[in-house]
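Take any residue in the sequence shown, note its place counting from 1, add 649, and you have its number in this note's numbering.
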Amino acid sequence: MGQHLPARDVQYMIKPDVRPRNVRMDADGTLWGEVPLTPVRDPHQLPRRTFRLAVEETRRVPPPRPAPEVPEDVPGWGMKPDPLEAKTVPEFLEAMARYRRWAGEPSFREMARRVGTGSAAGFCEALKADKLPKFTLLNAFVVALGGTAEDFQRWATAWRALDGQTSGSPIMLLLPRARECS
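Put into structure tokens, the structure is as follows:
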């Protein structure tokens, strides 16, 4: 066991180059985690940031807000954009913009709050770019707009099809089997 030191004589520092374990978030967004500490008697041995400063500087991240449920269209009026119809990257990006409008056109900031990751600027830039968004950003985009697992599957399939065309690799087509001679 470690040596017991009177609390008033000791300050602590987080061991360098360690990551917290057992990280969890309270309902109010407070993050908790376990980190190994090192007792330090001499204040001159402390690095610039002590444990106390690190805790005070920790930014509270609010928990993600769930996206409101987006109602499906009336039968026969399927207005939801289908990403599988996009044959080019610009068409795919236009489908993303239409999907956002279909879902009620929430602000990019609200979308970022809904997923709890990424940034509003990332969503905005993805729609302005002339290239496919990163796959993780596409995932966050669909989730932020209340998309279901089936919706994301369609978006992911379309993304993969277009990514194969833009990465410099040849387009792969599934051809029927050649008939065997009998």
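Just so you know, even glycine gets a beta-carbon here, dropped at the ideal spot from N, CA and C. From a predicted model like this one, the values you see are computed outputs, not experimental measurements.
Ordered along the chain, which non-local residues of its own chain (more than five positions away) have a Cβ less than 8 Å from that of E718?
G795
If you draw a straight line from the alpha carbon of R762 to that of P669, how long is it in whole angstroms? 24 Å
Starting from M662, follow its DSSP beta bridges and name the residues at the other end. T687
- Among residues of its own chain, excluding the 5 on either side of A703, which ones have a beta-carbon nearer than 8 Å to its beta-carbon? Low local confidence applies: a pLDDT of 43 at A703 is under 50, so the model's placement there is unreliable, and no value is given.
* Excluding five sequence neighbours on each side, which residues of the same chain lie with their C-beta closer than 8 Å to the C-beta of T737? -> L811
### Message
For R673, list the residues DSSP reports as bridge partners.
### Response
W681
With H, G and I counted as helix, E and B as strand and the rest as coil, what does DSSP make of T737? coil
query = When DSSP labels each residue in this structure, what does W726 get in the three-state scheme?
reply = coil
message: P732 and W804 - do their beta-carbons sit closer together than 8 Å?
response: yes
Would DSSP call L781 helix, strand or coil? coil
- Answer yes or no: do A752 and A744 have a C-beta to C-beta separation smaller than 8 Å? no
Discussion item. If you reduce the DSSP assignment to three classes, tell me which class T797 lands in.
Written reply: coil
Practice problem: Buried or exposed for V667, please, with buried defined as at least 16 other CB atoms from any protein chain shown within 10 angstroms of its CB. | Solution: exposed
Q.
Using C-beta distances below 8 Å, list every residue in its chain close to L776, excluding the 5 sequence neighbours before and after it, in chain order.
A. L742, M745, A746, R749
| said: Within a Cβ cutoff of 7 Å, which residues of the same chain sit near D800, ignoring the five residues on either side of it in sequence? | reply: V791
query = Nearest CA to the CA of L787: which residue from W808, M728, P730?
reply = W808
Measuring straight from C-alpha to C-alpha, what distance separates G771 and Q814? 23 Å
- For P665, which option in T679, R673, L686 has the closest C-alpha, if you only look at C-alpha atoms? L686
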